[in-house]
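Sequence positions in the sequence shown follow UniProt numbering and run 1 to 401. Here the structure is laid out as structure tokens; the discussion comes afterwards.
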Amino acid sequence: MSIDGPLTGVGIIELGGIGPGPFAAMLLAELGADVVRIDRRDPGPLAGAGSMNRSRPNIALDLKHPEAVETVRRLADSADVLIDPWRPGVAERLGLGPADLLARNPRLVFARMTGWGQDGPLAQRAGHDITYAAISGALHLSGTAEKPIAPVNVLADYAGGALYLVIGILAALLDRARTGAGQVVDAAMVDGAASVVSMFYGLYGRGAWRDERGVNLLDGGMPFYDTYECADGGWVAVGALEPQFWAELNRVLGVSFVADQYDPAGFAQQRQTYAAAFRSRPRDEWAALFEGTDACVAPVLGLAEAPAHPHLAARGVFADVDGVALPRVAPRFSAYAVPDPTPERAPGADTTAYLRAHGFSQDEVDALLVSGAAYQLPHEVLDSQARSDTARGPRTANEGR
């Protein structure tokens, strides 16, 4: 299941969670790291949501058993990184906190992923992407003049959470190469969400951004940076910020204006003109007309359409995984081929094989299984799942996902 990539040789333990932790672990695995996910036997329906548990083995442990806790400790003794997705204090109560594991393995990078961070007044409070984005100021930037609208859960969970967790892990590994010592990485979604919108805080501080939605350069306040509905109900995105791109937009649409591009007095006329023009043809006709131009116009594609777009297909952005089109890992590296993801594994699918390959005797594994500290998914279930995946076959780009 290992993938050849720039992180080959880096051993990572992912304690099972949802959202940003699994996404970060997936990225690291598909960049070549040797990642194992540790789940409960029944982690709940959200644990595998979005196919983010792909490309790595899965072992199931019941951490209420002291033997299971000791199993994690033994695995962490030789690991480079451990990803902790739990609220502050949970790992410590289990005996799996940084003090416990770094005492045994001082080179370990203990990477913690939480919504609010390890300290502060909200550290123990529940939350989700929308609440972390709200407090950070990022959610205020997204939406219409009438109300803020969450751009699904990408702001805090994935941009501010998972990606900053990966950055923290990689930076800590580089620091360890210099110092020889591991450390704790405190990745908080609220911190990352604020960092993601750094530019807008800077613009606001210099008086170049108004603290309201729908009136600024990049939030739909400009008629030449917005989305427009087409005759068939489809949409196009327009991003003609520069004068030369704006001129090209107007040329293809066959429109002209007396006022300059950035003259607010002409914004209403621009918006009305663009809206009427785009409503005159279906989306794909507009896409064809703008093909090969620098007008910065693109069709707004749905999840069923994007994998088949010629540019994405030419770059191999998507791979078929168990009949579902899923994006491959990014970015790309000149020294390595872009890997194909492998299907996600059910909880406990690899318990015996993984533990045996990482220093546990068969007697030790059997004892863990008999006591209930560990769980191995029966082989007949694995075989049945494999047959089902094969029979299902790949979906076409036009099938629902």
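Just so you know, even glycine gets a beta-carbon here, dropped at the ideal spot from N, CA and C.
{"Asked": "Burial state of M199 (16 or more Cβ within 10 Å)", "Found": "exposed"}
{"Asked": "Touch test, the segment 164-176 against the segment 107-124, Cβ-Cβ under 8 Å, three pairs minimum", "Found": "yes"}
{"Asked": "Three-way DSSP call (helix, strand, coil) for P88 in this model", "Found": "coil"}
{"Asked": "Buried versus exposed call for I169 [16 or more other C-beta atoms within 10 Å across all chains shown]", "Found": "buried"}
{"Asked": "Close beta carbons around N398, own chain, < 7 Å, minus the five adjacent residues each side", "Found": "Reliability of the predicted coordinates at N398 is poor, the pLDDT of 32 falling under 50, and the value obtained from them is presented with this limitation in mind. So the qualifying residues of the chain are A304."}
{"Asked": "R178 burial status per 10 Å Cβ neighbour count (16 or more: buried)", "Found": "exposed"}
{"Asked": "Distance CB(V300)-CB(W235) smaller than 9 Å", "Found": "yes"}
{"Asked": "Contact check, G127 vs P85, beta carbons under 9 Å", "Found": "no"}
{"Asked": "As assigned by DSSP and simplified to three states, the class of E399", "Found": "Annotation note: pLDDT 32 at E399 (below 50); position unreliable, no value reported."}
{"Asked": "Bridge partner(s) assigned by DSSP for N58", "Found": "R37"}
{"Asked": "9 Å Cβ cutoff met for G359 and V338", "Found": "no"}
{"Asked": "Cβ pair count under 8 Å reaching 3, the segment 88-101 against the segment 22-37", "Found": "no"}
{"Asked": "Candidates G266, H379 and A138: closest to A150 by CA position", "Found": "A138"}
{"Asked": "Under 9 Å between C-beta atoms of F290 and C230", "Found": "no"}
{"Asked": "Candidates L75, D39 and A346: closest to H379 by CA position", "Found": "A346"}
{"Asked": "Given 8 Å, three or more beta-carbon pairs between the segment 183-192 and the segment 129-138", "Found": "yes"}
{"Asked": "Q183 - DSSP class collapsed to helix/strand/coil", "Found": "strand"}
{"Asked": "Bounding residues of the alpha helix (DSSP H) (the contiguous stretch that carries L355)", "Found": "T351 to A357"}
{"Asked": "Helix, strand or coil at Y228 according to DSSP, with G and I counted as helix", "Found": "strand"}
{"Asked": "Top-ranked residue by Cα proximity to L122, from R87, N153, G182 and G143", "Found": "R87"}
{"Asked": "Boundaries of the alpha helix (DSSP H) in which R283 is found, first to last residue", "Found": "R283 to F290"}
{"Asked": "Euclidean distance between Cα positions of D260 and E285", "Found": "28 Å"}
{"Asked": "Close beta carbons around P43, own chain, < 7 Å, minus the five adjacent residues each side", "Found": "G16 and P347"}
{"Asked": "Spatial distance of Y274 from P223 (CA atoms)", "Found": "8 Å"}
{"Asked": "Cβ separation of P98 and V184, assumed to be a contact under 8 Å, to the nearest whole Å", "Found": "5 Å"}
{"Asked": "Of the residues L46, G50, P45 and I13, the one placed nearest V35, counting alpha carbons only", "Found": "I13"}
{"Asked": "Integer Cβ distance of T352 from V365, believed to fall under 8 Å", "Found": "5 Å"}
{"Asked": "CB contact flag (D100, R73, <9 Å)", "Found": "yes"}
{"Asked": "Alpha-carbon to alpha-carbon, T293 and L253", "Found": "12 Å"}
{"Asked": "Counted within 10 angstroms of its Cβ, other Cβ atoms place D77 as buried (16 or more) or exposed", "Found": "exposed"}
{"Asked": "Cα-Cα separation between P394 and G302, rounded to whole angstroms", "Found": "Confidence at P394 is low in this model, with a pLDDT of 41, below 50, so the placement of that residue should be treated as unreliable; the coordinate-derived value is given next. Near 18 Å, if we compare the C-alpha coordinates of G302 and P394."}
{"Asked": "CB of L326 within 9 Å of CB of A319, strictly", "Found": "yes"}
{"Asked": "Cα-Cα separation between L63 and W209, rounded to whole angstroms", "Found": "50 Å"}
{"Asked": "P6 classed as buried or exposed, judged by whether at least 16 other C-beta atoms fall within 10 angstroms", "Found": "exposed"}
{"Asked": "Where I13 falls: helix, strand or coil (DSSP)", "Found": "strand"}
{"Asked": "T71, buried or exposed, once every other Cβ within 10 Å from all chains shown has been counted against 16", "Found": "buried"}
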